[in-house]
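K.L.:
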Amino acid sequence: MGNKFIEYVSSLKGRITLMFVVMAFVIEISIALYWFYFLAPHIEADIESNIKALSQTQGNAIAKSLSEEEVSRDRIISTIDDLFLLRDSVTRTPFVSGIELTIDYDAVKHVSEGSLDINRWQDIKTENGDSVYYNVEIPLFSSKSKELLGIARFYCSKSTLRHFEKSVKNSFIIAICGTAILLLGAWLILLYLLKPLQFLAESLAGGSIREIEPVSSRSRMVSSEIRLIDMKLAELLGKVNDYTGELEALNRTLWDSEEKYRQFLQNFVGIAYQADQESLEFLMIHGYVKDISGYEESEILEKKLTLKELIYPDDFKKVIADIDNLRNGTEQMIDNEFRISRKDRKVRWVRDICRIINPGKDKAGFIQGAFYDITDSKNLESRLYQAQKMESIGTLAGGIAHDFNNILSIILGNAELTKITLSEGGPIDEFVDEITTACLRAKKMVEQILVFSRKSDQLFAPISINSVIRESVNLIRATIPSTVSISVNIPEAEDFIIGDSTQISQVMLNLCANSAHAMRETGGKLDITVIRFGSKDRQKLQYYSLPNGEYAELIVKDTGHGIMPGIMERIFDPYFTTKGVGEGSGMGLSVVHGIVSAHN
93 MGNKFIEYVS SLKGRITLMF VVMAFVIEIS IALYWFYFLA PHIEADIESN IKALSQTQGN
153 AIAKSLSEEE VSRDRIISTI DDLFLLRDSV TRTPFVSGIE LTIDYDAVKH VSEGSLDINR
213 WQDIKTENGD SVYYNVEIPL FSSKSKELLG IARFYCSKST LRHFEKSVKN SFIIAICGTA
273 ILLLGAWLIL LYLLKPLQFL AESLAGGSIR EIEPVSSRSR MVSSEIRLID MKLAELLGKV
333 NDYTGELEAL NRTLWDSEEK YRQFLQNFVG IAYQADQESL EFLMIHGYVK DISGYEESEI
393 LEKKLTLKEL IYPDDFKKVI ADIDNLRNGT EQMIDNEFRI SRKDRKVRWV RDICRIINPG
453 KDKAGFIQGA FYDITDSKNL ESRLYQAQKM ESIGTLAGGI AHDFNNILSI ILGNAELTKI
513 TLSEGGPIDE FVDEITTACL RAKKMVEQIL VFSRKSDQLF APISINSVIR ESVNLIRATI
573 PSTVSISVNI PEAEDFIIGD STQISQVMLN LCANSAHAMR ETGGKLDITV IRFGSKDRQK
633 LQYYSLPNGE YAELIVKDTG HGIMPGIMER IFDPYFTTKG VGEGSGMGLS VVHGIVSAHN
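With our numbering applied, the sequence shown covers 93 to 692.
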């Protein structure tokens, strides 16, 4: 209801109606205010003034009678009765309805006291308990001595004023009704004249512009101005119809194009973006933004992030050099690989294919491109490179270890023969023992190299990896500092694998020894976890380049200082170590790599 009223008032018809209602209200209020605050008080004041003048005249006549040497009561009464004869010509009511005389008998001579106390009334009336008379008091002065003789009170009827007021009110009512009728007539005539415009507005608001009906066909009374508007509008609508047809065809083509683009973006597994070529601020970004960068699309645009803030700092210099080649026209398109820093500070590798778009017409150009996440490919590439490197080193180390083992066997055998040949307790026994000890130590190192190169004899059998790790943990507790706590998360159920329990134990000892060394100064926590995974975990199988099957994953995690990024590629190299002299041989992780690789 409220909405319909607002809609009606907002229309031309409603505004005109409201205007006439306001005009009628203002006119009627103005007439009423004029009557109550100006005309009625003015009329009453005029009547009161005339009554006072009449009373003063009659008072003077009575005072003259009282000033004579012989005062006649009958003459005074006759003067008063003559005054009662004066009547209003319209209402036929006397102007004066009653007179009271109050005489000062000390001033009036030759009369007895009380003889002139005259109280004459023609009629007495009240309305709702209120008097309907004007009460006028006239002092009576002697015409000779100017002495106050008494007071005459005149009671004059208000009927003349009431009649005049009634006549004026009737005139005002007639004027108000006449004004209202004139305004209503003018309103109806104006609405009738506006009907063609209303028809025109309804036609324009009625839907398709192709179906607009001419105004002249719906209304007989059409002014020349409206007819001209109708004609010009018909010409304009003809052109609009032509343009509308073309626009609808273009909209269909554009909609088809947008739908194809929308489907492309929905199926796009990377990030499509546009960025300002100067500030590198993102202007548009869409796709797998959250998965690759960690940011929401809206967050990147609202915070006005730039390519510089997304690219890994060490790679930005190279990327900006390629973008400069695009800016100066040296390159039309670049295909680059670099790292980006996610919102959570993790690093991912992306491939970026981009070019500069120049719209022309004084519009600034922008960079348009697409990111593809190649982190998994980079990891596989790094693992393949590492595997190839380790295989090459292993092949070389294995061959050298076999030859070195043969040489050690000859030296060790000759040392044993020398010790047997010489008498016990001889002067060179000590030297022979040192030769034997050194050969045995070298033989153990050769065995580690053979394990690393997977050239040693391996006897694999079904073993419970959980039991092996529990036994290893008991040994590790006795060898690491007390400032390092150990947390073990191993399933109660036994997980069996095909492997060598001694080598698995060696893996545990080497990994935990490295962790304990990283926490030897500050202390910390060592977490040992075993997780079982299989064919359902395709992402993990793909990451480790493993065929379908059931696997046990050993995770050793510590709260130490971690591994520096610059040495990650060398941690499995034989004899590479970051420990001080005498603290490590550099074979710990190399042996772990060899054992794990041998266990597939």
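Yeah, the Cβ is synthetic: ideal placement off N, Cα and C, and Gly gets one too.
Report yes if the CB atom of R212 is closer than 9 Å to the CB atom of I154, and no otherwise.
P.N.:
The answer is no: Cβ separation not under 9 Å.
K.L.:
My output table needs one value for P573: the three-state DSSP class, helix, strand or coil.
P.N.:
Of the three classes helix, strand and coil, the one that applies to P573 here is coil, per DSSP.
K.L.:
Specify the secondary structure class of F430 as computed by DSSP and reduced to three states.
P.N.:
The answer is strand: DSSP assigns F430 an E or B state.
K.L.:
Ends of the beta strand (DSSP E) at K400?
P.N.:
Looking at the DSSP string, K400 is not in any beta strand (DSSP E); the run it does join, the alpha helix (DSSP H), is L399 to L402.
K.L.:
For S371, does the three-state DSSP call read helix, strand or coil?
P.N.:
Here S371 sits in coil by DSSP.
K.L.:
Distance, Cα to Cα, I363 vs G379?
P.N.:
So the two alpha carbons sit approximately 5 Å from each other.
K.L.:
Which same chain residues, not among the five before or five after S159, have their C-beta less than 6 Å away from its C-beta?
P.N.:
S234, S235 and K236.
K.L.:
Could you work out which residue in F264, K438, I572 and V411 is closest to I445 when comparing CA atoms only?
P.N.:
Out of F264, K438, I572 and V411, V411 has the C-alpha closest to the C-alpha of I445.
K.L.:
Beta-carbon within less than 8 Å of T345's beta-carbon, same chain only, minus the 5 sequence neighbours each way: which residues are those?
P.N.:
Around T345: no qualifying Cβ.
K.L.:
In this structure, how does DSSP classify G680 when only helix, strand and coil are distinguished?
P.N.:
Helix.
K.L.:
Quick one: measure Cβ to Cβ for F246 and S147, integer angstroms, because I've assumed they're closer than 8 Å.
P.N.:
That pair is a contact at about 4 Å.
K.L.:
Look up C446 in the DSSP assignment and give the residues it is bridged to.
P.N.:
DSSP lists I426 and G461 as partners of C446.
K.L.:
Which value, in whole angstroms, describes the spacing of the CA atoms of I273 and E136?
P.N.:
Distance between the alpha carbons of I273 and E136: 31 Å.
K.L.:
Is the Cβ-Cβ distance between I647 and I620 less than 9 Å?
P.N.:
Taking 9 Å as the Cβ cut-off, I647 and I620 qualify as a contacting pair.
K.L.:
Please list, in chain order, all residues of the same chain as L342 whose beta carbon is under 8 Å from its beta carbon, the five residues on each side excluded.
P.N.:
Once the five neighbours on either side are set aside, L342 has no close Cβ partner at all.
K.L.:
Using CA coordinates, which residue listed in A644, T528, R107 and E526 is at the minimum distance from W279?
P.N.:
Among A644, T528, R107 and E526, the Cα nearest to that of W279 belongs to R107.
K.L.:
Quick one: any contact between the segment 589-605 and the segment 632-639, if contact means 3 or more CB pairs under 8 Å?
P.N.:
Taking 8 Å as the limit for Cβ pairs, the verdict is that the segment 632-639 does not touch the segment 589-605.
K.L.:
With H, G and I counted as helix, E and B as strand and the rest as coil, what does DSSP make of N227?
P.N.:
Residue state, collapsed to three classes: strand.
K.L.:
Return the Cβ separation of K331 and G386 in integer angstroms, given the expectation that the two are a contact with Cβ distance under 8 Å.
P.N.:
With a Cβ gap of about 54 Å, K331 and G386 do not count as contacting.
K.L.:
Give the secondary structure of I520 by DSSP, where H, G and I count as helix, E and B as strand, and everything else as coil.
P.N.:
The answer is coil: DSSP assigns I520 none of H, G, I, E or B.
K.L.:
Tell me which residue opens and which closes the alpha helix (DSSP H) that K419 is part of.
P.N.:
Before going on, a small fix: residue 419 reads as Arg here, not Lys. Where R419 is concerned, the enclosing alpha helix (DSSP H) stretches over P405 to R419.
K.L.:
Just the Cα atoms here: how many angstroms apart are N602 and S564?
P.N.:
Their Cα atoms are separated by approximately 11 Å.
K.L.:
Are the segment 116-127 and the segment 195-209 touching by the rule of at least three beta carbon pairs closer than 8 Å?
P.N.:
Output reads no: the segment 195-209 does not touch the segment 116-127.
K.L.:
When you compare only the Cα positions, how much space is there between A534 and T594?
P.N.:
Using only the alpha carbons, I get a separation of about 20 Å.
K.L.:
So A132 is in the alpha helix (DSSP H); what residue range does that whole segment cover?
P.N.:
Start and end: A132 to L158.
K.L.:
Can you tell me which residues form a DSSP beta bridge with I195?
P.N.:
I195 is bridged to G242.
K.L.:
My assumption, with CB atoms under 8 Å, is that L175 sits in contact with Q150. Please give the rounded CB distance.
P.N.:
With 8 Å as the limit, L175 and Q150 qualify as a contact, their Cβ atoms being about 5 Å apart.
K.L.:
Check this for me: beta carbons of R662 and E645, under 9 Å apart or not?
P.N.:
Cβ distance not < 9 Å, so R662 and E645 don't count as in contact.
K.L.:
Under a Cβ-count criterion, where at least 16 other Cβ atoms within 10 Å of its own Cβ denotes burial, should C604 be classed as buried or exposed?
P.N.:
Classification of C604: buried, given that the 10 Å Cβ count is 16 or more.
K.L.:
Provide the residue span of the alpha helix (DSSP H) that contains L175, from first to last.
P.N.:
Where L175 is concerned, the enclosing alpha helix (DSSP H) stretches over R165 to F176.
K.L.:
What are the start and end residues of the alpha helix (DSSP H) that includes Y635?
P.N.:
Per DSSP, Y635 belongs to the alpha helix (DSSP H) from R630 to Y636.
K.L.:
Roughly how many angstroms lie between the CA atoms of V599 and S556, to the nearest whole one?
P.N.:
For V599 and S556, the distance between alpha carbons rounds to 15 Å.
K.L.:
Any idea what DSSP makes of T513, helix, strand or coil?
P.N.:
Of the three classes helix, strand and coil, the one that applies to T513 here is helix, per DSSP.
K.L.:
With a threshold of 16 other CB atoms inside 10 Å of the CB of I426, please say whether the residue is buried or exposed.
P.N.:
Buried.
K.L.:
Residue range of the alpha helix (DSSP H) that N602 falls in?
P.N.:
From DSSP, the alpha helix (DSSP H) with N602 extends over S593 to A610.
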